[in-house]
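Q: One structure coming up, written as structure tokens, with questions to follow.
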Amino acid sequence: MRYTANLQKWLLTQAILTLCFEHKIDGTRPGLTAAKLVDFFVASKIASRNTAVAHLAEMRSYKLLLDAEWSGDKRLRPLIVSETAEDLIRQWFDGHLKSLDRLDGGRRHHLSMAEPSLLFFAHPRATRRLFGEPGWCSPPESVASFVRTESGSNILHDLIARLPKGELPQGQITIGPLRISEITSRYIISNSHAQRVFARARDLAVVGWQRPGNRGDLWVSSQLVSDYRRWQAVKFAALEEAFDWAVARTI
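Structure follows, in structure tokens:
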């Protein structure tokens with residue numbers, strides 16, 4: 029998804045959803061407006077004002093954010109998350125709950141299906157924790173070489189999903205043939221941009237091809253896999269704590 033395709037966009041989008049859901053469960057919280065969102069972005073040091081405004085405008089353009097009905101000052105028009113956007117974040121949320129359940133045999137996804145409002149309580153708590161968590165916002169250099177670039181998060185998740193099953197060896201881990209054109213067509217990015225993403229990772233010796241010219245099987249380093257797992261663990265820990273808190277509060 030393009031709105032979470034790099035770490036900064038992930039943080040921007042999750043901040044928007046956080047403020048919306050907090051208002052949804054507590055009507056006394058300030059209404060969701062463009063000005064408040066931008067102020068939140070800048071105060072949280074997630075992005076500059078110009079970057080925040082551009083991201084907000086893009087989400088409105090694609091109808092992921094909508095103008096709420098409002099009869100007051102048009103400069104203070106509240107915003108709401110569209111049904112499409114809410115469905116997408118619920119898929120993301122439930123997908124993570126399923127992963128946690130697979131790790132410990134829990135029933136988080138079952139509870140979420142039975143009580144959909146858990147999303148509105150757990151999501152803001154988890155994301156606010158992550159906004160201030162260096163382990164998430166400042167990932168290891170191997171991970172940052174991907175997730176600090178446009179569509180880099182998508183590319184990194186794609187590579188990790190190709191890892192062989194079972195215990196992984198140290199050093200170079202072969203994941204099979206992969207052409208740059210496969211990445212560019214899947215994530216709708218230019219060939220030159222994809223080449224730059226992989227060039228940075230190659231310079232760090234965390235990815236590479238077995239043959240010159242990006243031919244043959246692609247390998248990823250065990251260091252990249254280890255760094256990625258630790259980085260993702262920070263997010264899962266925040267979601268687990270927030271979900272347990274939400275269950276205790278609502279069920």
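Per my numbering, the very first residue in the sequence shown carries number 29; after that it's consecutive. Heads up, the beta-carbon is just placed ideally off N, CA and C, and yes, glycines get one too.
What residue ranges within the segment 149–215 form continuous beta strand (DSSP E) runs of no fewer than 3 residues, ordered along the chain?
A: 200–205
Q: Hey, out of Pro197, Ser179, Glu50, whose CA is closest to Phe285's CA?
A: Summary: the structure shown does not reach residue 285, with the chain confined to residues 29 through 279, and so no result is reported for it.
Q: Just to confirm my understanding: we take Ala75, look at its own chain, exclude 5 residues before and 5 after, and list those with CB closer than 8 Å. What are they?
A: Gln36, Leu39, Leu40, Phe69, His83
Q: Between Arg153 and Ala270, is the Cβ-Cβ spacing less than 8 Å?
A: yes
Q: So what's Val109 in DSSP terms, helix, strand or just coil?
A: strand
Q: Can you tell me the Cβ-Cβ gap for Val225 and Ile188, rounded? I've got them flagged as a contact below 8 Å.
A: Not confirmed; about 15 Å, so no contact.
Q: Let me confirm a value: Leu196 is counted as buried when at least 16 other C-beta atoms fall within 10 Å, else exposed. Which label applies?
A: exposed
Q: Whole angstroms is fine: what's the gap from Thr32's alpha carbon to Ser181's?
A: 8 Å
Q: Do Thr212 and Ala227 count as a contact pair if the criterion is CB distance below 8 Å?
A: no
Q: Could you check which residue in Gln198, Val253, Tyr256, Val66 has the C-alpha nearest to that of Asn78?
A: Val66
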